[in-house]
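Peer 1:
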Amino acid sequence: MHPLDGTARVAGWMHLRVTASTVLGMMLLTPALFVRGDGAATAARVLASQGLFRVSAVNGLFSMVSFLVVAIVLYRLLRDAGPWLATCMLVLVAVQTPVGLGLVADPMLAFDVLRGGPTGAAFTQPGRESMALLPPDVDNRGVGAVELLWGLWLLPLALLVWRCGFLPRFLAGWLGLNGVAYVVLSVLAILWPQHSKLGMTVAFPLLFGELALGLWLALAGARRHLRATPSIDAGHAPRESAP
Numbered sequence: 001m002h003p004l005d006g007t008a009r010v011a012g013w014m015h016l017r018v019t020a021s022t023v024l025g026m027m028l029l030t031p032a033l034f035v036r037g038d039g040a041a042t043a044a045r046v047l048a049s050q051g052l053f054r055v056s057a058v059n060g061l062f063s064m065v066s067f068l069v070v071a072i073v074l075y076r077l078l079r080d081a082g083p084w085l086a087t088c089m090l091v092l093v094a095v096q097t098p099v100g101l102g103l104v105a106d107p108m109l110a111f112d113v114l115r116g117g118p119t120g121a122a123f124t125q126p127g128r129e130s131m132a133l134l135p136p137d138v139d140n141r142g143v144g145a146v147e148l149l150w151g152l153w154l155l156p157l158a159l160l161v162w163r164c165g166f167l168p169r170f171l172a173g174w175l176g177l178n179g180v181a182y183v184v185l186s187v188l189a190i191l192w193p194q195h196s197k198l199g200m201t202v203a204f205p206l207l208f209g210e211l212a213l214g215l216w217l218a219l220a221g222a223r224r225h226l227r228a229t230p231s232i233d234a235g236h237a238p239r240e241s242a243p
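Residue numbers (the numbering used here): 1 to 243.
(1) Report the rounded CA-to-CA distance for Val52 versus Ala40, giving the unit in angstroms.
(2) Helix, strand or coil: how does DSSP classify Ser49 here?
(3) Please determine, among Pro205, Gly151, Val35, the residue with the shortest C-alpha to C-alpha distance to Val187.
(4) Under a three-way DSSP split, which group does Ala163 fall into?
(5) Let me make sure I understand the geometry here. Which of Ile190, Leu109, Leu217 has the alpha-carbon closest to that of Leu148?
(6) Would you kindly work out how many angstroms separate the C-alpha atoms of Val91 and Ala71, rounded to a whole number?
(7) When the Cα atoms are used, what is the spatial distance from Gly173 to Ala158?
(8) Just how far apart, CA to CA, sit Ser56 and Ala203?
(9) Alpha carbon to alpha carbon, what distance is there between Val99 and Gly176?
(10) For Leu101, which residues from the same chain have a beta carbon less than 8 angstroms from its beta carbon, with the 5 sequence-adjacent residues on both sides left out?
(11) Might you give, ordered along the chain, the residues of its own chain that have their beta carbon closer than 6 angstroms to the beta carbon of His195, omitting 5 neighbours on each side?
(12) Just the C-alpha distance for Ala48 and Thr19, rounded to the nearest angstrom, thanks.
(13) Thinking C-alpha only, which one of Asp106, Val95, His15, Leu85 is nearest Leu155?
(14) So for Val35, helix, strand or coil by DSSP?
(15) Return the CA-CA distance between Leu219 and Arg76, expressed in angstroms with no decimal places.
(16) Can you round the beta-carbon distance between Leu4 and Ala222 to whole angstroms, since I take them to be within the 8 angstroms contact cut?
(17) What is the DSSP secondary structure of Pro168, reduced to helix, strand or coil?
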C-alpha cells in the first residue's frame with residue numbers, strides 16, 4: 001500500500017467514527033435525556049439515567065478530540081496541495097475545540113446542580129429544574145454560532161481536495177457547497193431564527209459532503225488517482241510503470 005493511500009484510509013475511517021459519534025449524541029443520547037421545555041421531566045430523566053448522561057458527556061469529549069485528530073491527519077494528507085490552505089483548515093478546526101468543550105462543560109455543571117452538589121446548594125428545587133433546561137438551550141444556541149466554523153473549515157478543505165489530484169473533484173464541489181450551507185445556516189440561526197427550519201430543509205442534501213469524503217477516503221483511498229497527482233512531492237511520488 002502506498003503511504004499516501006494509507007494516510008487517506010486512516011483519515012477516512014477516523015472521520016466516519018467522528019460522524020457516528022456525533023450522530024449518536026444528537027439523534028439518540030440528547031433526545032433520550034432532555035425533554036424540550038419541561039425542566040421537571042428533564043431533571044427526572046437525567047437523575048434516573050446518570051450513567052447514560054455520563055456516556056453522553058464522554059461521547060461529546062471523544063467527538064471533539066477526534067475531530068481535531070482528523071484535521072491533523074487531513075493536514076498531513078493534503079498539505080502538498082497547498083500548505084497555506086492546509087494550515088488555515090487546521091486552525092479553523094482547532095478554534096472549534098474549546099467551543100465544543102464548553103458545550104460539554106455546561107451539561108456537567110447542570111448535572112452537578114441537579115444532584116444537589118456544592119454548586120447546586122444555593123438553588124431551590126424549581127431553580128434546579130430550570131437549570132436542567134440549560135444544556136439543550138445552550139446547545140441549540142451554541143450550535144447556531146459554531147455552524148459558522150463548521151462551514152469555514154470546509155472551504156479550504158474543498159480547495160485542497162480540488163487541487164490534490166488524487167481525489168475526485170465532485171467531492172471538492174460538494175464540500176464547498178456543504179461549507180457555504182453551514183455558513184448560511186449559522187447566519188439564519190443568529191439573525192433570522194424563525195427561518196432556520198426552512199433553511200435546514202433546503203440545505204439538508206448539501207450537508208452530506210463531509211460524509212461522502214469520509215466514505216471515499218475509507219473505502220477507495222488515494223490509489224486510484226495517484227498517477228494523476230501533480231502536487232505530490234518527490235518523496236511521495238509513485239514509481240511510473242515501465243511502458
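All C-beta atoms, glycine included, are put in the ideal place defined by N, C-alpha and C.
Peer 2: According to the data block:
(1) At residue 52 the sequence reads Leu, which differs from the Val that was named. Between Leu52 and Ala40, the C-alpha separation is close to 18 angstroms.
(2) coil
(3) Gly151
(4) The residue you asked about is not Ala; residue 163 is Arg in the sequence shown. If DSSP states are grouped into helix, strand and coil, Arg163 belongs with the helices.
(5) Ile190
(6) 9 angstroms
(7) 7 angstroms
(8) 27 angstroms
(9) 23 angstroms
(10) Leu61, Met64
(11) Leu188
(12) 28 angstroms
(13) Leu85
(14) coil
(15) 19 angstroms
(16) 5 angstroms
(17) coil
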